[in-house]
Amino acid sequence: SPEKIPGPAKPKFDFYSILPEQEVVVPDQDITGKPRQGVRQVQKPGKYLLQAGSFQEIKKADELKARLALIGLEASIQTVTIDGRKTWNRVRLGPYTDLGKLNTARSRLKDHHINAILLKVKS
Numbered sequence: 030s031p032e033k034i035p036g037p038a039k040p041k042f043d044f045y046s047i048l049p050e051q052e053v054v055v056p057d058q059d060i061t062g063k064p065r066q067g068v069r070q071v072q073k074p075g076k077y078l079l080q081a082g083s084f085q086e087i088k089k090a091d092e093l094k095a096r097l098a099l100i101g102l103e104a105s106i107q108t109v110t111i112d113g114r115k116t117w118n119r120v121r122l123g124p125y126t127d128l129g130k131l132n133t134a135r136s137r138l139k140d141h142h143i144n145a146i147l148l149k150v151k152s
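Residue numbers (the numbering used here): 30 to 152.
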């Protein structure tokens, strides 16, 4: 009789595992630079992204992208499907390799009460 090949295991998703494997969250307490313009300065060289929001409704993602444009920040929307069912629209800024520009963007977000998640892109 033919051997039955099992299908792929259904992964369990949480916030961290739904990020692409090459991205890691940098918790605020791991940003060790001196505070300037309201935010601790990222000092570790690398490639970074800022995720300003994640929404199931594309309209909300578009609204946040427009709000960011009004404060001089260019964002893009990345659409991902989780577990083949749920679609999320992530509003992201970057990638940044210039730490000055990254920290300026983080300050501007904070000034406008937008909590962005700092992501480091693994090389």
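Note that CB positions come from ideal geometry on N, CA and C, so glycine has one too.
The model shown is predicted, which means the values in this text are computed figures rather than measured ones.
From the options, pick the residue whose C-alpha is nearest to that of residue i; which is it?
i: S105; options: E52, A90, L148; result: A90
i: V120; options: E103, N132, L128; result: E103
i: G82; options: D127, P74, R69, L93; result: L93
i: Q85; options: G67, P124, D140, Q107; result: Q107
Use the C-beta contact count for residue i: other C-beta atoms within 10 angstroms, 16 or more gives buried, fewer gives exposed.
i: V15; result: It is not possible to answer for residue 15, since the shown part of the chain is limited to 30 through 152.
i: I111; result: exposed
i: K115; result: exposed
i: K130; result: exposed
i: G113; result: exposed
i: A95; result: exposed
Helix, strand or coil for residue i per DSSP?
i: A95; result: helix
i: K139; result: helix
Any contact of the region 93–103 with the region 52–66, i.e. 3+ C-beta pairs under 8 Å? no
Complete beta strand (DSSP E) runs within the region 81–134 (minimum length 3 residues, chain order): 104–111, 115–125
Three or more C-beta pairs below 8 Å linking the region 77–84 and the region 138–147: yes
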